[in-house]
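I have placed the structure first, in the form of structure tokens, so that the comments after it can refer back to it.
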Amino acid sequence: MDLVNWLEKKLSDAGVWSGRMTASILSREMLEELETCFQAIDAQTKLKIISCIPHMNPRKLSMVHAALLALLDLASKDADDWVETIADMYRDVPSTGVIIPVFTNKDSHFAKTIEDLTKCLQRHLENGELKLAPEGYSIVSNSVNKASFGPPPETEKCFVLRKKPKSFNLMNDMIKR
Numbered sequence: 001m002d003l004v005n006w007l008e009k010k011l012s013d014a015g016v017w018s019g020r021m022t023a024s025i026l027s028r029e030m031l032e033e034l035e036t037c038f039q040a041i042d043a044q045t046k047l048k049i050i051s052c053i054p055h056m057n058p059r060k061l062s063m064v065h066a067a068l069l070a071l072l073d074l075a076s077k078d079a080d081d082w083v084e085t086i087a088d089m090y091r092d093v094p095s096t097g098v099i100i101p102v103f104t105n106k107d108s109h110f111a112k113t114i115e116d117l118t119k120c121l122q123r124h125l126e127n128g129e130l131k132l133a134p135e136g137y138s139i140v141s142n143s144v145n146k147a148s149f150g151p152p153p154e155t156e157k158c159f160v161l162r163k164k165p166k167s168f169n170l171m172n173d174m175i176k177r
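Numbering (UniProt numbering) for the sequence shown: 1 to 177.
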């Protein structure tokens, strides 16, 4: 229980949290002890512990590999949905170093939501209603975007203002002076 209290104080909301800082305080012994008291830790602290895994350097990751796998296995069976989801996404990080957003528990709320969202996007894509901007769209100038992709679609007016806003009138007064 001392470890639980210490971790909750160390990773509380009061301070600025960083994944690298949390990764630096986790040792193999601490991770092995965490297996016995993981359920006693609050969900926010569990998430911070799990979220620091990608921030570990490769040497440390190889040293604590078995303890991390055991901890992620324990976290993937947690009562909190977020802890379960993040642990499921990070399950291959100790082995491959890659976060994989494929879920092993297809009955989880998060997996069902992702599946529904994928179906919705697929339906809009098939109907031609989905307009996706290319990857570099936001960093290229407007003239290059117009030359490459044509003019942007006309925006639809949702309403008409009855009178000009006060800010417009104030700006005109400032310009006149």
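No residue lacks a Cβ here, since even glycine has one placed at the ideal position from N, Cα and C.
In this text, all values refer to a predicted model and were calculated from it rather than measured experimentally.
Residues in its own chain within less than 7 Å of residue i by CB, not counting five upstream and five downstream?
{"i": "Leu47", "result": "Trp82, Val83, Ile86"}
{"i": "Ser143", "result": "none"}
{"i": "Leu69", "result": "Pro94"}
{"i": "Ile99", "result": "Pro54, Met89, Tyr90, Val93"}
{"i": "Ser51", "result": "Gly19, Ile86"}
Is there at least one Cβ from chain D nearer than 8 Å to residue i's Cβ?
{"i": "Trp82", "result": "Absence of chain D from the displayed structure is noted, only one protein chain being present."}
Which residues mark the beginning and the end of the alpha helix (DSSP H) in which residue i is found?
{"i": "Leu82", "result": "Leu is not the amino acid found at residue 82; the sequence shown has Trp there. 81-89 is the extent of the alpha helix (DSSP H) around Trp82."}
{"i": "Ser167", "result": "166-176"}
{"i": "Pro58", "result": "58-63"}
{"i": "Pro94", "result": "93-96"}
{"i": "Cys120", "result": "109-126"}
{"i": "Arg20", "result": "19-25"}
{"i": "Ser148", "result": "142-149"}
{"i": "Arg28", "result": "28-37"}
{"i": "Ile100", "result": "Ile100 -> no alpha helix (DSSP H), and no H or E assigned at all."}
{"i": "Ile50", "result": "43-51"}
Hey, residue i and residue j are a contact pair by Cβ (cut 8 Å); roughly how many whole angstroms apart?
{"i": "Ser64", "j": "Leu31", "result": "Before going on, a small fix: residue 64 reads as Val here, not Ser. The pair is a contact, with the Cβ atoms about 6 Å apart (cut-off 8 Å)."}
{"i": "His55", "j": "Gly97", "result": "11 Å between Cβ atoms; not a contact."}
{"i": "Thr36", "j": "Leu7", "result": "About 13 Å; that fails the 8 Å criterion."}
{"i": "Ala40", "j": "Asp80", "result": "About 13 Å; that fails the 8 Å criterion."}
{"i": "Leu121", "j": "Leu130", "result": "7 Å"}
Spatial neighbours of residue i within its chain, please: C-beta separation below 8 Å, excluding the five flanking residues on both sides.
{"i": "Arg28", "result": "Met63, Val64, Ala67"}
{"i": "Thr104", "result": "Ser76, Asp88, Arg91"}
{"i": "Trp17", "result": "Leu11, Lys48"}
{"i": "Ile25", "result": "Lys10"}
{"i": "Pro58", "result": "Gly97"}
When you compare the CB positions of residue i and residue j, do they come within less than 8 Å of one another, or not?
{"i": "Leu11", "j": "Thr22", "result": "yes"}
{"i": "Ile53", "j": "Pro94", "result": "yes"}
{"i": "Leu71", "j": "Phe38", "result": "yes"}
Hey, is residue i close to the ligand ATP, as in C-beta under 7 Å from one of its heavy atoms?
{"i": "Glu29", "result": "No copy of the ligand ATP appears in this structure; indeed no ligand is present at all."}
Could you tell me whether the segment 105-120 touches the segment 136-151, using the rule of 3 or more Cβ pairs below 8 Å? no
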